[in-house]
Every structure is written in structure tokens, then in C-alpha cells.
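Numbering (the numbering used here), first residue to last: 162 to 437. Have a look at the structure below, then the notes.
And the structure:
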């Protein structure tokens, strides 16, 4: 099976390895940049450690190209530059890690001409989010699908990978390496249809976080918790909430709907797994 590299965005996709003579060799994820906030206080030992954030990291792809002659090799180099250097960032996928996608921009290219028609190429991309993501979000998940990668040692089956529920209590599995937190621009969309004449509370018992909506909701209306913003039929209704949002801890999260008179519940969690 030939190894593949694909670039894509919301508008289009391009399989780089469809170029005749181009071969994808391997991929290397360089180390993550760790930014730890520290405060030094005179007269005390050491420092106070604050929250840690993670900067971007480099993804290196290595290729070889076999052309016809010197001119063919020169034309290929020009074509490669045109493809790689875009005005807007894009997603990159490669077959060595079929469950991941990377939000990137091209930083540099290096090549070594081994003959007049054969060369190797090293292409450096910056993964500007500081993490890779699952290729698809949880609305497309299947446990036995090779496009999903789960943490080592995690026992996963189809029964546990349910992201749509109709009961007041349920579990949501976060297969990421880290917590999903919308405040850090992680994708987390919760679609809710519910009859709640006196409002409702959605409680993540694992993190002890509660999102409360104080208004009346009918199951025919579309309530969405899009990141940190609650929407009712597409309009923001944060002023009727407790101004809180929900996160997802690694592994299983135990959820509970609370409220007087709530019924006819349909809820769906949509997010991408995140890999550090």
C-alpha cells in the first residue's frame, strides 16, 4: 500500500502523493514547546508555578522524487513551492498516523539532489494549535475504524462510544490525551432538545461543573452549548444562564440532567479528540 499525504481545508483537498514520482518516506513530530508561568519572590526559595501552556511544534515530512531529467526536477521543485506555501493555514493528514490531522502552515523546505533527476525533500510544518486532532469528530466515531486512535491501555467498544443520549444520566468518553476545555479554543458542541418548563442543569459529575439555563425550553427548540456560548434557536442566551461552561476530563465523564419537570431529552456531544 502506497503511503499518502493529503492537504485540505473547508473548501478543497489535495493529495500531494498523487504527483507522479513523489514518494512519502516518513514523518517526525518534534517536541512540544512547554510554557510554564513562574513567579520569583525575593527572600524565598524557588519559584511559584502558575498554569502551563503549550506552544506550537514542528511536523517534519520527508519525501523523495524521481524525475526524468534535470529540467523535470526543477519543475517539480517549483510546483512543490506553489502547493506548500499558502496564504491561509490548512489541515495535513498522512497515512503513518491515519487517525490524526494537523492544523499547519509550511515553514520551510530543504532538498538534496542525489542525481540530476533524483532528490530528497524535507518539509517542515508548524502545528500552530500545539496539538493534533482526531481526523473526524465524535459524530462519525466507530471503535473499529482505523481513522480513530485511542490511548494505550484504554478498553473501548461500541457500547461505550455513545455520544447521543435520551436519558437524564449518561457517560461521555473523551479519548484525548488532555482535558477538552472550550476556553482554550477546543471544539466542544453540545446539542440539546429538552422539555424544561423551569429550565435545566447539565452537571458533569466527574469535574463537578454545572451549566444552568434558567429559561423555559421546549423539545421542539434547538438548544446548543457551543463552546462557552449557549444558543437557543441560533440566538445567544447567556444572560439566562449561570455564565458557566463544561469541560471533558480524560476518559469517562459522568453526566446528569437536573430540573423540575424535564422530559423528552435528546443530547449529543460533538468534539474532536486531542493528542499532545
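Just so you know, even glycine gets a beta-carbon here, dropped at the ideal spot from N, CA and C. All of these numbers come straight from a predicted model, not from anything done at the bench.
Same chain, Cβ closer than 6 Å to residue i, neighbours up to 5 away in sequence not counted
{"i": "residue 391", "result": "398, 399, 402"}
{"i": "residue 177", "result": "166"}
{"i": "residue 348", "result": "432, 433"}
{"i": "residue 386", "result": "351"}
{"i": "residue 425", "result": "356, 380"}
Reduced DSSP secondary structure (H/G/I, E/B, other) of residue i
{"i": "residue 207", "result": "coil"}
{"i": "residue 336", "result": "coil"}
{"i": "residue 328", "result": "coil"}
{"i": "residue 394", "result": "coil"}
{"i": "residue 300", "result": "helix"}
{"i": "residue 291", "result": "coil"}
{"i": "residue 270", "result": "strand"}
{"i": "residue 186", "result": "strand"}
{"i": "residue 276", "result": "coil"}
{"i": "residue 180", "result": "coil"}
Nearest-angstrom Cα separation, counted from residue j out to residue i
{"i": "residue 228", "j": "residue 291", "result": "36 Å"}
{"i": "residue 379", "j": "residue 369", "result": "26 Å"}
{"i": "residue 432", "j": "residue 350", "result": "6 Å"}
{"i": "residue 383", "j": "residue 301", "result": "21 Å"}
{"i": "residue 346", "j": "residue 174", "result": "24 Å"}
{"i": "residue 439", "j": "residue 239", "result": "No answer is possible for residue 439: it lies beyond the span of the chain, which begins at 162 and ends at 437."}
{"i": "residue 275", "j": "residue 184", "result": "15 Å"}
{"i": "residue 430", "j": "residue 206", "result": "46 Å"}
{"i": "residue 358", "j": "residue 261", "result": "42 Å"}
{"i": "residue 376", "j": "residue 284", "result": "53 Å"}
{"i": "residue 394", "j": "residue 245", "result": "40 Å"}
{"i": "residue 191", "j": "residue 328", "result": "44 Å"}
{"i": "residue 353", "j": "residue 333", "result": "14 Å"}
{"i": "residue 213", "j": "residue 366", "result": "25 Å"}
{"i": "residue 372", "j": "residue 404", "result": "8 Å"}
{"i": "residue 298", "j": "residue 247", "result": "25 Å"}
{"i": "residue 195", "j": "residue 180", "result": "37 Å"}
Beta-carbon proximity check, residue i vs residue j, cutoff 7 Å
{"i": "residue 269", "j": "residue 234", "result": "no"}
{"i": "residue 361", "j": "residue 251", "result": "no"}
{"i": "residue 406", "j": "residue 389", "result": "yes"}
{"i": "residue 282", "j": "residue 217", "result": "no"}
{"i": "residue 263", "j": "residue 338", "result": "no"}
{"i": "residue 256", "j": "residue 164", "result": "yes"}
{"i": "residue 416", "j": "residue 331", "result": "yes"}
Same chain, Cβ closer than 8 Å to residue i, five either side skipped, listed in chain order
{"i": "residue 314", "result": "The predicted position of residue 314 is uncertain, since its pLDDT is 45 and thus under 50; a value taken from the coordinates is nonetheless stated next. Nothing meets the Cβ criterion."}
{"i": "residue 171", "result": "none"}
Close-in-space but distant-in-sequence residues of the same chain around residue i (CB under 7 Å, 5 per side omitted)
{"i": "residue 326", "result": "428"}
{"i": "residue 340", "result": "408, 409, 410, 411"}
{"i": "residue 208", "result": "199, 200, 201"}
Open item on the list: Quick check on the DSSP output: what are the complete beta strand (DSSP E) runs of length 3 or more inside the segment 189 to 259, in order along the chain?
Closed with: 195 to 200, 209 to 215, 218 to 227, 251 to 255
Open item on the list: At 3 residues or longer, what runs of the beta strand (DSSP E) sit wholly inside the segment 361 to 420?
Closed with: 361 to 365, 370 to 374, 384 to 387, 390 to 393, 412 to 419
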